[in-house]
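Q:
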Amino acid sequence: MDRIPPPSSVYTTPGSAGPVPGSGIPTGSLDPLSTIHDGRIWSLQVVQQPIRARMCGFGDKVRPYGQPVGYPQMNNYYGGNPQMQYPNPYGNPQAHYYPPYYAGSGMPPTNMSPAQPVASGPGGMFTRNLIGSLSASAFRLTDPDNKIGVWFILQDLSVRTEGVFRLKMSFVNVGSSSSNDASNGLSVINHGSAPVLASVFSEPFQVFSAKKFPGVIESTALSKCFALQGIKIPIRKDGVKGSRGRHSDEDDGLDNDF
79 MDRIPPPSSV YTTPGSAGPV PGSGIPTGSL DPLSTIHDGR IWSLQVVQQP IRARMCGFGD
139 KVRPYGQPVG YPQMNNYYGG NPQMQYPNPY GNPQAHYYPP YYAGSGMPPT NMSPAQPVAS
199 GPGGMFTRNL IGSLSASAFR LTDPDNKIGV WFILQDLSVR TEGVFRLKMS FVNVGSSSSN
259 DASNGLSVIN HGSAPVLASV FSEPFQVFSA KKFPGVIEST ALSKCFALQG IKIPIRKDGV
319 KGSRGRHSDE DDGLDNDF
């Protein structure tokens, strides 16, 4: 499996969180990873960047949201002709991606946080800072321009603590690499090590406390487009207020009925 430079095309997302001041990390450490595998070029692009979220804390019942959610898109091309996209938009049905959280500078990983309260033992205790659906399969969807693509939807992620973070998304082939299975058309899960075919970092985004959270931004055209295709994405309903007095998802005007 060969590594190649990342694709040159860039997608713009309204409301980008912008750079993190004073990160001090070389930009090369945040470069996306693309590979050549089975004669095809594999790459990921974050088409819709995460912008901000409300921290969920360490309770079991509180699961706030980020708006908008991240939408990585898989690009799969013939190695001999980068301009010709692989005609099967489904790609590998057993390929997944896994997004850990990173500090705003990109390093070190912060998907683990000290437990609250921290035990007094010598080793301490740790709990995940990133919770929710940490892996996902691909969807074949059309964007607002009616172009078909292979998309991964991150609509169920929460962060326990305040701060500025990035998402690192990795595309992993978890299918069997056995030539016999491939020749027989069998789909067998690989229980050993699996290659990372592509990876990419999101832009930095801010996680606020409940008191500091400025509110949910307007749902994007891409989110609305995917929701119309049956993807369960919370869509903001402007001008709608919740009936309860305390802060809730309804107070933020989100439509969670599907």
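In the working numbering, the protein residues as written are 79 to 336. Glycine residues also receive a C-beta, built at the ideal position from the N, C-alpha and C atoms.
Could you compute how far the alpha carbon of I224 sits from the alpha carbon of I309?
A: Here residue 224 is taken as the residue at index 146 of the sequence shown, counted from 1. Here residue 309 is taken as the residue at index 231 of the sequence shown, counted from 1. Checking the sequence shown, residue 224 turns out to be Asn, not Ile. Looking at the two C-alpha atoms, the distance is approximately 16 Å.
Q: What are the start and end residues of the alpha helix (DSSP H) that includes L232?
A: Translated into positions along the sequence shown, residue 232 becomes position 154. L232 -> no alpha helix (DSSP H), and no H or E assigned at all.
Q: Just the Cα atoms here: how many angstroms apart are L232 and L245?
A: Within the sequence shown, residue 232 is the residue found at index 154, counting from 1. Within the sequence shown, residue 245 is the residue found at index 167, counting from 1. Their Cα atoms are separated by approximately 11 Å.
Q: Which one of F304, Q307, V237 and V294 has the shortest CA to CA distance from K315?
A: Indexing the sequence shown from 1 puts residue 315 at position 237. The shortest C-alpha separation from K315 is found at V294.
Q: Mapping the DSSP letters down to three states, classify S121 as helix, strand or coil.
A: For the purposes of this step, residue 121 is taken as the residue at position 43 of the sequence shown. The answer is strand: DSSP assigns S121 an E or B state.
Q: Whole angstroms are fine: how far does the CA of F204 sit from the CA of Q151?
A: As a position in the sequence shown, residue 151 is number 73, starting the count at 1. As a position in the sequence shown, residue 204 is number 126, starting the count at 1. Distance between the alpha carbons of Q151 and F204: 32 Å.
Q: Where DSSP assigns a beta bridge to L57, which residues make up the other side?
A: The question about residue 57 has no answer, for the chain in this structure spans 79 to 336.
Q: What residues match up with M133 in a beta bridge as DSSP calls it?
A: Here residue 133 refers to the residue found at position 55 when the sequence shown is read from its first residue. In DSSP, M133 forms no bridge with anything.
Q: How long is the line joining the alpha carbons of V124 and A276, rounded to whole angstroms?
A: Position 46 of the sequence shown, counted from the first residue, corresponds to residue 124. Position 198 of the sequence shown, counted from the first residue, corresponds to residue 276. Cα to Cα, V124 sits roughly 12 Å from A276.
Q: To the nearest angstrom, how far is the alpha carbon of L208 from that of R118?
A: Locating residue 208 in the sequence shown gives position 130, counting from the first residue. Locating residue 118 in the sequence shown gives position 40, counting from the first residue. Whole-angstrom Cα-Cα distance: 32 Å.
Q: If F243 sits next to R132, beta carbons under 8 Å apart, how far is it from one beta carbon to the other, in whole angstroms?
A: Mapped onto the sequence shown, residue 243 falls at position 165. Mapped onto the sequence shown, residue 132 falls at position 54. That belief does not hold up - the Cβ atoms of F243 and R132 are roughly 13 Å apart, past 8 Å.
Q: Measuring alpha carbon to alpha carbon, tell me which of F304, V278 and S301 ends up nearest T113.
A: Sequence index remark: in the sequence shown, residue 113 carries index 35 (1-based). Nearest C-alpha to T113: V278.
Q: Helix, strand or coil, according to DSSP, for K302 in the structure here?
A: In the sequence shown, counting from the first residue as 1, residue 302 sits at position 224. Looking at K302 - three-state DSSP - the assignment turns out to be helix.
Q: Considering just the uninterrupted stretch of the beta strand (DSSP E) at G241, what are its terminal residues?
A: To locate residue 241, count along the sequence shown from 1; it is residue 163. Where G241 is concerned, the enclosing beta strand (DSSP E) stretches over G241 to N251.
Q: In this structure, what does DSSP give as the bridge partners for P150?
A: Along the sequence shown, read from residue 1 onward, the residue named residue 150 stands at position 72. Looking at the DSSP assignment, P150 forms a beta bridge with V124.
Q: Roughly how many angstroms lie between the CA atoms of G210 and E240, to the nearest whole one?
A: Locating residue 210 in the sequence shown gives position 132, where the first residue counts as 1. Locating residue 240 in the sequence shown gives position 162, where the first residue counts as 1. Their Cα atoms are separated by approximately 17 Å.
Q: From what residue to what residue does the beta strand (DSSP E) around S112 run?
A: Here residue 112 corresponds to residue number 34 of the sequence shown, with the count starting at 1. That run of the beta strand (DSSP E) goes L111 to H115.
Q: For a quick check, are the C-beta atoms of V274 and F249 less than 8 Å apart?
A: Indexing the sequence shown from 1 puts residue 274 at position 196. Indexing the sequence shown from 1 puts residue 249 at position 171. Going by C-beta atoms, V274 is nearer than 8 Å to F249.
Q: Following the continuous beta strand (DSSP E) through V278, name the residue where it begins and the one where it ends.
A: For the purposes of this step, residue 278 is taken as residue 200 along the sequence shown, with counting starting at 1. That run of the beta strand (DSSP E) goes V274 to F279.
Q: Specify the secondary structure class of S107 as computed by DSSP and reduced to three states.
A: Counting from 1 along the sequence shown, the entry for residue 107 is found at position 29. The answer is helix: DSSP assigns S107 an H, G or I state.
Q: Exposed or buried, L306, counting other C-beta atoms within 10 Å across all chains shown (16 or more means buried)?
A: Here residue 306 corresponds to residue number 228 of the sequence shown, with the count starting at 1. The residue is exposed, with fewer than 16 neighbouring Cβ atoms inside 10 Å.
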